[in-house]
Amino acid sequence: MKMTRILTPLAVAVSAIVGAQQAVAGPSGYAPPMPTGPEPIYHAGTAVVRLGAGYVDPDESDGRLRNPDIFPEFAGTRFDVEDDTTWQWSAMFMPIDHFSVEYGYVGESDHDLEFRRFGVFRESDLRRDQLRLGSLERTSSTIMVNWFPVCPESWVQPYIGFGGVYTDFDNTTVREPVYLLLEDIADAAPGGNARVAVEDTWGWAGQIGVDVMFGRDSNWLANAAVQYHDVETTASLRYIVDGLDNQGDARQFVNTVRSDLDIDPWVFNLGIGYKF
């Protein structure tokens, strides 16, 4: 009788354990599903729009006078383009995982345009090393293909991009003190004006950047990127001079002093974005 009282609870306990194991294991041949990882954040079909500030830092002037023999008074002259801060935006789409196509726009920036080592200074009483001509306005548009090397589930997404850039320049009206100097030394017509025209140009561009989500479940993000724009163009200083035509009649001509100009700016972008 004692043995029965001891074995009965033991049998009940064993039956309960076996039943629990069968419930966990399920029917014969059943395997529980593997645990799933986090949802991908940057994947095929993802679109991102960014907006922020951009700092445009051109290369130190690398202008080279094309015809120093024709315009000896400008021998040794170099253009210098100063830096400026502006706004920028970009939009990208990922057709496949890890790769995106991006359009970017760097808004209008106003850069002080200066002459460096201006040749006429050495022949004048000024003997200065630089002269401010005016403000040079530019905008740029880029098309790039970006590579995102980390896993799509990461909420920190660094990237490297390469593509092309189109840079648009507006003409610059030369400041009056500069024109007065041209009257004295370069025979510019009294009371006239001068302009600096910089040709629009295509070049290549590269960038490295990172998107950081504000949270795994958030669509908002912070962005930082550094871009390099290859900008090789031509700058032309144009001013009016008095002269005679083939018949000996007085008329005015336009002198054009051309220089090759490599601006090659670094562009530092900082902003926020939204992921769709």
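Residue numbers -25 to -1, 1 to 251, in mature numbering (1 follows the signal peptide of the UniProt record, and there is no 0), belong to the letters of the sequence shown in order.
Idealized CB from N, CA, C, for every residue including glycine.
### Query
Under a Cβ-count criterion, where at least 16 other Cβ atoms within 10 Å of its own Cβ denotes burial, should Tyr249 be classed as buried or exposed?
Indexing the sequence shown from 1 puts residue 249 at position 274. Exposed, because fewer than 16 other Cβ atoms sit within 10 Å of the Cβ of Tyr249.
### Message
Using the three-state DSSP reduction, which class does Pro133 fall into: helix, strand or coil?
### Response
Residue 133 sits at position 158 when you count from the first residue of the sequence shown. In this structure, Pro133 counts as strand in the three-state DSSP scheme.
#### Entry: Anticipated Cβ contact below 8 angstroms, Thr209 with Asp175, distance rounded
Looking up residue 209 in the sequence shown gives position 234. Looking up residue 175 in the sequence shown gives position 200. Approximately 10 angstroms separates the beta-carbon atoms of Thr209 and Asp175; this is outside 8 angstroms, ruling out the contact.
### Message
For a test of the three-state rule: what should DSSP assign to Ile(-20), helix, strand or coil?
### Response
Counting from one through the sequence shown, the residue named residue -20 turns up at place 6. Its pLDDT being 49, under 50, Ile(-20) is placed unreliably by the model, and the measurement read from it follows with that caveat. Ile(-20) falls in the helix class under three-state DSSP.
### Query
If you draw a straight line from the C-alpha of Asp237 to the C-alpha of Thr52, how long is it?
On the sequence shown, position 262 is the one that residue 237 refers to. On the sequence shown, position 77 is the one that residue 52 refers to. Spanning the two alpha carbons is a distance of roughly 14 angstroms.
### Message
DSSP three-state label for Val206, please.
### Response
Counting from one through the sequence shown, the residue named residue 206 turns up at place 231. Residue state, collapsed to three classes: coil.
### Query
Which ranges would you report for the beta strand (DSSP E) in the stretch 134 to 203 if only whole runs of at least 3 residues count?
If we require 3 residues or more, the beta strand (DSSP E) runs fully inside the stretch 134 to 203 come out as 169 to 173, 176 to 188.
### Task
Could you tell me if Asp159 is buried or exposed, where buried requires 16 or more neighbouring beta carbons within 10 angstroms of its beta carbon?
Here the question's residue 159 lines up with position 184 in the sequence shown. It counts as exposed.
### Query
Which residues in the same chain as Asn121 place their Cβ atom closer than 6 angstroms to its Cβ, once the five residues preceding and following it in sequence are excluded?
The sequence position of residue 121 within the sequence shown is 146, counting from 1. Answer for Asn121: Ser75, Glu77, Tyr134, Gly136, listed in chain order.
### Task
Note the first and the last residue of the continuous beta strand (DSSP E) segment covering Ile247.
Translated into positions along the sequence shown, residue 247 becomes position 272. Taken as a continuous stretch (DSSP letters only), the beta strand (DSSP E) holding Ile247 covers 241 to 250.
### Residue from Phe251, Gly246, Val242 with nearest C-alpha to Asp58
If you number the sequence shown from 1, residue 58 lands on position 83. The residue with the shortest Cα to Cα distance from Asp58 is Val242.
### Task
Could you name the residues of the same chain whose beta carbon sits closer than 7 angstroms to that of Thr147, not counting the 5 residues immediately before and after it, in chain order?
Translated into the one-based positions of the sequence shown, residue 147 becomes position 172. Cβ neighbours of Thr147 beyond the five flanking positions: Leu88, Leu108, Gly109, Ser110, Leu111, Arg170, Val171.
### Reference Asp205; option with closest CA among Asp72, Ile118, Asp239, Pro13
Locating residue 205 in the sequence shown gives position 230, where the first residue counts as 1. Taking only the C-alpha atoms, the option nearest Asp205 is Asp239.
### Continuous beta strand (DSSP E) stretch holding Gln222: start and end
Here residue 222 refers to the residue found at position 247 of the sequence shown. Neither: Gln222 is in no beta strand (DSSP E) and is coded neither H nor E.
### Task
Grab the span of the beta strand (DSSP E) containing His18 for me, first residue to last.
Reading the sequence shown from its first residue, position 43 is the one you call residue 18. Segment: none, His18 is in no beta strand (DSSP E) and carries neither H nor E.
### Task
Return the CA-CA distance between Asp145 and Arg191, expressed in angstroms with no decimal places.
As a working mapping, residue 145 is identified with position 170 in the sequence shown. As a working mapping, residue 191 is identified with position 216 in the sequence shown. Asp145 and Arg191: Cα-Cα distance of roughly 44 angstroms.
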